[in-house]
Amino acid sequence: MPDDRVGPEALGSILDLDGAGTLAHIRAGRRTAWRVEAEQMVAATHWADLHRLPTPADDDDHPTLGSLSRETARLLGDGVNGTEGMTWATTPAPDGDDRGASTSAGPGQPGIEGVLRFLGEGAYLVREFAVTELATTLAMNEAGARRYLGQALECRDRLPRTWTQVLAGAVPAWKARQIAQLTLPLNAAAARFVDLSLHHVAGRIGIVRITRAVEAAVLRYDPDLAAEQAERAAERRGVWVGPDRGSIEDADGRSGLARVDALVDTPDAEAFELAVADIAAALHTLGDDDPLAVRRAKAVGILADPQHALEVAGAARTDPAVDPLTGTTRRRPRRRGPVAGRSLVIDLHLHLTSPPCTERSGEGEGGTGTGTGTGTGTGSGSGVAPSDAVPSCPVGPVVRDGQLRPVSRAATERWLSQLAPGALVRVRPVLDLDDDAAVDAHEVPRAVADQVDERDLTCQFPWCGRRARPGTADRDHIEPYVPPDEGGPPGQTSAVRLARLCRYHHRVKTHGGWRYRRGPDGGLTWVSPHGQCYRVDRLGTSRLDVPGPEPDPD
């Protein structure tokens, strides 16, 4: 029996390493783990091939498979105990003996081995009990093994470019399986689009960006599925109020607290957030010193009475030292926050055309503009033949929200049709991301801020990927700002000299010894305190094996 323990010699060799050596050891171990996981995926798919069974010529005519909805995104056969929500498709195994000829939906007939078909166009049948032996070998339960095997087959058979990247060590197996899980319900064109779009960058971006790419593929290549998903999502809207059961002491309701949960349209959520924030700020203006979270909770109660909300907002604007309920004079706070009355702004980005997802030898096309136009960019390709290219969007314009998440046409129409009376819809010019307007002041002008925010949707620190939202991210001067009266150069504040960082990584960059520069192509090169170099660009993060830029002596 092999010895899997970490022996004293291995421990000693690790504990004797310095900082740089420790990081190098971790990198080498990660590469080994990726290779082993890739080999395991290959072995699992080979196991399925060894137990493959004939697939009905036409699944639409199959009495069970034809009735199953492909957009459930589940592996068929996952209806074992403890796998709530999974779907079964069981057929007696065609071994030639008389073990049953009918097809049934359910956990199979007692004493009969069934067959499993994994979701995804072109998936084939495998013996049910063969997956059970694979599950025990992988130390997984039945549902986990079926999910693992279905994802591996989906990646190999419908995402061949991503599969090649896994075998090359460029994409970890776990991330490839996550992509495969997302593409299981897609038709062939949509899955092909995802494979072409992501295979060369999947190892450099996070699962959030991957998910959005899949959502865009659904909108472009499977509009019927997108409409069905939007309709189902709209039916899930609701508001639920109940006792707070977050802890044992509150289980019986003695705390006097209740929980409010809501699932609403995005514009309604934005409007509610704006109202809660303004009332919470008004309470602070009127002298309420409770923490912000508590004031926001109070604001929800105040908004339940519209007249009360108007009184609080009005009092904060006119006489912030007077309590609107008692009329008594209250201590004025040191700071004045915003008060109610701000307008709700929902940004929708309309892409009138879609860049073709073609990749020829040595080059690629990509990038988008915002507003009512488009832009272009360049990137590396993978040598895919032109005949393998996926055509550009066949369904017309694509709408994205303020965070550039794709929004279905049905959701957009619902939002616009439900605008409140007097709502203002503004059409603004296309934002030119190449405009290099610069100012001398440290403060970032609105036009420059819009450029930076549009370009840097996430924190630009290596591998972070955290959404750069107002209040959680800063526009950082890549070169420390020096006031002009202290000898600073002109034009220090511009889009190319700024990058968005989340608050944590802004502190890391400022006080943690990290440094970075923007290259001529717009990419950022980061250097860690131990000399590790990374590149961050629109394709994600990649490690560099060459020394990074040294800071200027001054």
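Going by this note's numbering, the letters in the sequence shown line up with residues 923 to 1476, in that order.
We put the CB at the ideal spot given by N, CA and C, even for glycine.
Legend entry - Collapsed DSSP secondary structure at Trp1385 in the structure displayed: In the sequence shown, counting from the first residue as 1, residue 1385 sits at position 463. In the structure shown, Trp1385 sits in coil (DSSP, three-state: anything other than H, G, I, E or B).
Legend entry - Rounded C-alpha distance that separates Ile1201 from Asp1187: On the sequence shown, residue 1201 is found 279 positions in, with the first residue counted as 1. On the sequence shown, residue 1187 is found 265 positions in, with the first residue counted as 1. Taking the straight line joining both Cα atoms gives about 21 Å.
Inset, instruction - Measure the C-alpha to C-alpha separation of Thr954 and Pro1094 and round it to an integer number of angstroms. - result: As a first step, residue 954 must be located in the sequence shown, where it is residue number 32. As a first step, residue 1094 must be located in the sequence shown, where it is residue number 172. C-alpha separation (whole angstroms): 11 Å.
Inset, instruction - Helix, strand or coil for Thr1394, going by three-state DSSP, please let me know. - result: The sequence position of residue 1394 within the sequence shown is 472, counting from 1. If DSSP states are grouped into helix, strand and coil, Thr1394 belongs with coil.
Legend entry - At least three beta-carbon pairs within less than 8 Å, the segment 1084 to 1102 to the segment 1051 to 1064: no
Legend entry - Exposure of Asp983, with buried meaning 16 or more beta-carbon neighbours within 10 Å: Counting from 1 along the sequence shown, the entry for residue 983 is found at position 61. Note that Asp983 scores a pLDDT of 48, beneath 50, so its modelled location is shaky; the value from the coordinates is reported in the next line. Its Cβ having fewer than 16 others within 10 Å, Asp983 is exposed.
Legend entry - Whether Asp1398 touches Leu1379 by CB criterion (7 Å): Taking the sequence shown and counting its residues from 1, one reaches residue 1398 at position 476. Taking the sequence shown and counting its residues from 1, one reaches residue 1379 at position 457. Their beta carbons are not under 7 Å apart, which means Asp1398 does not touch Leu1379 by this criterion.
Legend entry - Inter-residue spacing [alpha-carbon to alpha-carbon] between Pro930 and His1452: As a position in the sequence shown, residue 930 is number 8, starting the count at 1. As a position in the sequence shown, residue 1452 is number 530, starting the count at 1. Pro930 and His1452: Cα-Cα distance of roughly 27 Å.
Legend entry - Touching by the beta-carbon criterion (3+ pairs, under 8 Å), the segment 1112 to 1127 and the segment 1455 to 1466: yes
Legend entry - Gly934 - DSSP class collapsed to helix/strand/coil: Start at 1 with the first residue of the sequence shown, and residue 934 comes out as number 12. Residue state, collapsed to three classes: helix.
Inset, instruction - Please state if the CB of Leu1120 and the CB of Ala1110 are separated by a distance shorter than 7 Å. - result: The count along the sequence shown starts at 1 and reaches residue 1110 at position 188. The count along the sequence shown starts at 1 and reaches residue 1120 at position 198. No, the Cβ-Cβ distance between Ala1110 and Leu1120 is not below 7 Å.
Legend entry - Cβ-based burial, Trp956 [other Cβ within 10 Å; buried from 16]: For the purposes of this step, residue 956 is taken as the residue at position 34 of the sequence shown. Buried, since its Cβ has 16 or more Cβ neighbours within 10 Å.
Legend entry - Residue(s) in a DSSP beta bridge with Val1449: Numbered from 1 along the sequence shown, position 527 holds the residue referred to as residue 1449. Val1449 is bridged to Arg1437, Cys1455.
Legend entry - Cβ-based burial, Pro1016 [other Cβ within 10 Å; buried from 16]: Looking up residue 1016 in the sequence shown gives position 94. Caution applies to Pro1016, whose pLDDT of 41 falls short of 50 and renders its modelled position unreliable; the value that the coordinates give is listed next. So Pro1016 ends up on the exposed side.
Legend entry - Backbone CA spacing between Lys1097 and Ala1113 [nearest angstrom]: Taking the sequence shown and counting its residues from 1, the one referred to as residue 1097 is at position 175. Taking the sequence shown and counting its residues from 1, the one referred to as residue 1113 is at position 191. Approximately 16 Å, taken between the alpha carbons.
Inset, instruction - Return yes when the Cβ of Thr1447 is within less than 7 Å of the Cβ of Arg1439, no when it is not. - result: Here residue 1439 refers to the residue found at position 517 when the sequence shown is read from its first residue. Here residue 1447 refers to the residue found at position 525 when the sequence shown is read from its first residue. Taking 7 Å as the Cβ cut-off, Arg1439 and Thr1447 qualify as a contacting pair.
Inset, instruction - Go to Ser1119, then tell me how far its beta strand (DSSP E) extends in each direction, as first and last residue. - result: Sequence index remark: in the sequence shown, residue 1119 carries index 197 (1-based). Looking at the DSSP string, Ser1119 is not in any beta strand (DSSP E); the run it does join, the alpha helix (DSSP H), is 1110 to 1120.
Inset, instruction - Pull up the distance between the alpha-carbon of Cys1077 and that of Val964, whole angstroms please. - result: Start at 1 with the first residue of the sequence shown, and residue 1077 comes out as number 155. Start at 1 with the first residue of the sequence shown, and residue 964 comes out as number 42. Those two C-alpha atoms are separated by around 11 Å.
Inset, instruction - Please confirm whether Ala1477 and Thr967 have their CB atoms less than 7 Å apart. - result: Outside the displayed range of the chain (923 to 1476) lies residue 1477, so it cannot be described from this structure.
Inset, instruction - Measure the Cβ-Cβ separation of Leu1185 and Arg1158 and say whether it is below 7 Å. - result: As a working note, residue 1185 is residue 263 in the sequence shown. As a working note, residue 1158 is residue 236 in the sequence shown. Cβ distance < 7 Å, so Leu1185 and Arg1158 count as in contact.
Inset, instruction - Give the secondary structure of Pro1412 by DSSP, where H, G and I count as helix, E and B as strand, and everything else as coil. - result: Counting from 1 along the sequence shown, the entry for residue 1412 is found at position 490. Reduced to three states, the DSSP call for Pro1412 is coil.
Inset, instruction - Take every Cβ of the segment 1366 to 1381, pair it with every Cβ of the segment 1392 to 1408, and state whether three or more of those distances are shorter than 8 Å. - result: yes
Inset, instruction - Just mark Arg1457 as buried or exposed, buried being the case when its beta carbon has 16 or more other beta carbons within 10 Å. - result: The sequence position of residue 1457 within the sequence shown is 535, counting from 1. So Arg1457 ends up on the buried side.
Legend entry - Sub-7 Å separation of Asp1190 and Leu1179 beta-carbons: One-based indexing of the sequence shown puts residue 1190 at position 268. One-based indexing of the sequence shown puts residue 1179 at position 257. No, the Cβ-Cβ distance between Asp1190 and Leu1179 is not below 7 Å.
Inset, instruction - Could you check what DSSP says for Gly1036 in three-state terms: helix, strand or coil? - result: Here residue 1036 refers to the residue found at position 114 of the sequence shown. Three-state DSSP puts Gly1036 in a strand.
Inset, instruction - Assign Asp1144 to one of three DSSP states: helix, strand, or coil. - result: Taking the first residue of the sequence shown as 1, we reach residue 1144 at position 222. It is coil, neither helix nor strand.
Inset, instruction - For Leu1205, count neighbouring Cβ atoms within 10 angstroms of its own Cβ and tell me buried if that reaches 16, exposed if not. - result: Counting from 1 along the sequence shown, the entry for residue 1205 is found at position 283. With 16 or more Cβ atoms within 10 Å of its Cβ, Leu1205 is classed as buried.
Inset, instruction - Ignore the nearest five residues each way along the sequence and tell me which others in Leu1081's own chain have a CB closer than 8 Å to its CB. - result: Position 159 of the sequence shown, counting from 1, holds the residue named residue 1081. Closer than 8 Å at Cβ, skipping near neighbours: Ala1098, Ile1101, Ala1102, Thr1105, Ala1113, Val1116, Asp1117, His1121.
Inset, instruction - Consult DSSP for Cys1399 and reduce its assignment to one of helix, strand or coil. - result: Working through the sequence shown from its first residue, we reach residue 1399 at position 477. Note on identity: in this sequence residue 1399 is His, with Cys being the wrong assignment. Three-state result, His1399: strand.
Inset, instruction - Could you tell me the boundaries of the beta strand (DSSP E) in which Arg1422 lies? - result: Against the sequence shown, residue 1422 aligns to sequence position 500. Looking at the DSSP string, the run of the beta strand (DSSP E) that includes Arg1422 is 1420 to 1424.
Inset, instruction - For Ala1366, I'd like the list of residues in its chain whose CB is within less than 8 Å of its CB, leaving aside the five on either flank, ordered along the chain. - result: For the purposes of this step, residue 1366 is taken as the residue at position 444 of the sequence shown. This sequence places Val at residue 1366; Ala is not what is there. Excluding residues within five positions, the ones whose Cβ falls inside 8 Å are Val1374, Arg1397, Thr1415, Leu1420.
Inset, instruction - Ignore the nearest five residues each way along the sequence and tell me which others in His1230's own chain have a CB closer than 6 Å to its CB. - result: If you number the sequence shown from 1, residue 1230 lands on position 308. For His1230, where only same-chain residues beyond five positions count, the Cβ hits under 6 Å are Ile1224.
Legend entry - Residue span of the beta strand (DSSP E) that contains Arg1181, given as start and end: As a working mapping, residue 1181 is identified with position 259 in the sequence shown. It spans 1180 to 1185 - the beta strand (DSSP E) in which Arg1181 sits, taken as one unbroken run.
Legend entry - Identity of the residue in Cys1381, Pro1392, Pro1411 nearest Ala1363 by Cα: The residue you call residue 1363 lines up with position 441 of the sequence shown. The option with the nearest alpha carbon to Ala1363 is Pro1411.
Legend entry - Residue of Ala1203, Val1163, Asp1358, Ala1226 minimising C-alpha distance to Val1216: Within the sequence shown, residue 1216 is the residue found at index 294, counting from 1. The option with the nearest alpha carbon to Val1216 is Ala1203.
Legend entry - Simplified DSSP state of Leu1214, which is helix, strand or coil: Within the sequence shown, numbered from 1, the residue matching residue 1214 stands at position 292. Of the three classes helix, strand and coil, the one that applies to Leu1214 here is helix, per DSSP.
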